[in-house]
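Everything in the sequence shown is counted per the working numbering, starting at 1118 for the first residue and increasing by one.
This report refers to the structure that appears directly beneath it.
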Amino acid sequence: MIETALSTALRTETRELHVRAERSGAMAALLRGQLSLAGYGAMIAALHEIYAGLEEGLERNAAHPAIAALRHPGLARRAALESDLAVLRRLGMAPLAPIAEARDYADHLRGLAGTDPVLLVAHAWLRYLGDLNGGRVLAKVVRDRLGVPEGAMAFYRFPAIADPAAAAVAWRLSLDAIDADPALQSRLVEEARDGFRRHIALFEALAPAQDAADSSSEA
């Protein structure tokens, strides 16, 4: 019996949910270059909350074999998001607090950190590979179509990583080297699916911020 690599299982068994996430609410508007600055600021506030939960958990469990194999200081996004959020808030483009869906997701990640930290791997895969592979495309949309100021673009930069595409390949190879038996692989896939469902709920919940901005611009 040929075993499926963990990265392959994660990609193929979450593909439908991944597509749904990209077509949901505020993310769909962002990819079209039509997200309002208020909607974008709310999204950055939400992502900051989620990354805070994820990276606190990864740091807390840095000695866990699966997590240690995947840690790369240059991937961490929390500080970059804090910087972007501070700029956006000064400009009145971001809320003071993230939406409930982001807080719930972060609480879920903190819970995993204390009870089942290996499952954080699924959320790290979902977020970090997306950042490395799609960050440049999103950065262009955010800068050129949304008009987000350059000082609020740190999230898309990886100053400690010379080649994001090569880093993504290396990270994926490290993921596949994790000692994940079929039972653990199945649990990681289901956790990744849950992560995408949470993103879908998040993007749909962020849509009203976009709708409100659209309505005010039409008034």
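A virtual CB, placed ideally from N, CA and C, is assigned to each residue, including glycine.
None of the values given here were measured: they were computed from a predicted structure.
Separation of residue j from residue i, as counted between CA atoms
{"i": "F1272", "j": "I1167", "result": "13 Å"}
{"i": "S1303", "j": "R1227", "result": "21 Å"}
{"i": "A1163", "j": "I1216", "result": "6 Å"}
{"i": "L1263", "j": "M1144", "result": "13 Å"}
{"i": "L1147", "j": "L1243", "result": "18 Å"}
{"i": "R1206", "j": "D1296", "result": "43 Å"}
{"i": "G1170", "j": "E1120", "result": "32 Å"}
{"i": "A1180", "j": "Q1151", "result": "42 Å"}
{"i": "L1198", "j": "R1128", "result": "26 Å"}
{"i": "E1176", "j": "G1247", "result": "20 Å"}
{"i": "V1204", "j": "P1212", "result": "12 Å"}
{"i": "A1193", "j": "I1278", "result": "11 Å"}
{"i": "N1250", "j": "E1267", "result": "20 Å"}
{"i": "R1310", "j": "K1257", "result": "28 Å"}
{"i": "L1222", "j": "R1315", "result": "Looking at the sequence itself, residue 1222 is Tyr, so the reference to Leu does not match. Between Y1222 and R1315, the C-alpha separation is close to 7 Å."}
{"i": "T1232", "j": "L1202", "result": "30 Å"}
{"i": "H1225", "j": "D1261", "result": "34 Å"}
{"i": "A1300", "j": "H1240", "result": "18 Å"}
{"i": "G1252", "j": "L1208", "result": "23 Å"}
{"i": "A1159", "j": "R1220", "result": "13 Å"}
{"i": "N1178", "j": "H1189", "result": "14 Å"}
Residue i burial status per 10 Å Cβ neighbour count (16 or more: buried)
{"i": "E1308", "result": "buried"}
{"i": "E1218", "result": "buried"}
{"i": "A1126", "result": "buried"}
{"i": "A1269", "result": "buried"}
{"i": "R1149", "result": "exposed"}
{"i": "P1182", "result": "exposed"}
{"i": "R1289", "result": "buried"}
{"i": "T1131", "result": "buried"}
{"i": "P1276", "result": "exposed"}
{"i": "P1281", "result": "buried"}
{"i": "I1155", "result": "Note that residue 1155 is Ala in the sequence shown, not Ile. A1155 should be labelled buried."}
Close beta carbons around residue i, own chain, < 8 Å, minus the five adjacent residues each side
{"i": "A1318", "result": "E1218"}
{"i": "V1259", "result": "L1147, Y1157, V1265, M1270, Y1273"}
{"i": "G1191", "result": "F1275, P1276, A1277, I1278, A1284"}
Cβ-based neighbour list, residue i, same chain, cut-off 7 Å, excluding 5 preceding and 5 following
{"i": "L1292", "result": "L1123, S1124, L1187, W1242"}
{"i": "H1324", "result": "Here residue 1324 is Ala; the residue named in the question, His, does not match the sequence. Around A1324: G1142, A1143."}
{"i": "L1229", "result": "G1174, L1236, L1237"}
{"i": "L1255", "result": "Y1273"}
Distance between beta carbons of residue j and residue i, contact taken as under 8 Å
{"i": "P1234", "j": "G1174", "result": "6 Å"}
{"i": "E1321", "j": "S1141", "result": "5 Å"}
{"i": "L1236", "j": "L1305", "result": "7 Å"}
Contacting residues, own chain, Cβ-Cβ under 6 Å from residue i (five flanking each side not counted)
{"i": "S1200", "result": "A1271"}
{"i": "V1286", "result": "none"}
{"i": "R1195", "result": "Y1168, A1169, E1172"}
{"i": "H1165", "result": "L1198, L1202"}
{"i": "A1138", "result": "F1313, H1316, I1317"}
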